[in-house]
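Visitor: Numbering (my numbering), first residue to last: 171 to 239.
Cβ atoms here follow ideal geometry from the backbone N, Cα and C, with glycine treated the same way.
All values reported here derive from a predicted model rather than from experimental measurement.
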């Protein structure tokens with residue numbers, strides 16, 4: 171499981187995918203999110219601007235990211 175540390179109160183979903191190295195660009199993040207390939211806390215998420223907070227778990231292609239403070 172990848173860990174993404176928050177620098178502020180939250181991080182946006184697209185930014186978290188990039189920070190964890192799961193996608194190479196913001197455009198790629200937008201595509202995979204809009205295609206319904208990304209889950210946040212086990213629910214499909216289609217908004218790349220979704221704010222993630224401490225404790226949220228993102229799943230994509232069998233890998234997970236945990237958001238921590």
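According to DSSP, is residue 198 helix, strand or coil?
Guide: On the chain shown, residue 198 is found 28 positions in, with the first residue counted as 1. Helix, per DSSP.
Visitor: Let me make sure I understand the geometry here. Which of 172, 196 and 171 has the alpha-carbon closest to that of residue 182?
Guide: Taking the first residue of the chain shown as position 1, residue 182 is located at position 12. For the residues 172, 196 and 171, the minimum Cα distance to residue 182 belongs to 196.
Visitor: Secondary structure at residue 207, three-state DSSP: helix, strand or coil?
Guide: The residue you call residue 207 lines up with position 37 of the chain shown. In the structure shown, residue 207 sits in coil (DSSP, three-state: anything other than H, G, I, E or B).
Visitor: For residue 239, does the three-state DSSP call read helix, strand or coil?
Guide: Along the chain shown, one-based indexing puts residue 239 at 69. Coil, per DSSP.
Visitor: Output the boundary residues of the beta strand (DSSP E) element that contains residue 175.
Guide: Here residue 175 refers to the residue found at position 5 of the chain shown. Residues 172-175.
Visitor: Between 189, 184 and 174, which lies nearest to residue 204 when the distance is taken from Cα to Cα?
Guide: Residue mapping note: residue 204 aligns to position 34 of the chain shown, counting from 1. Among 189, 184 and 174, the Cα nearest to that of residue 204 is on 184.
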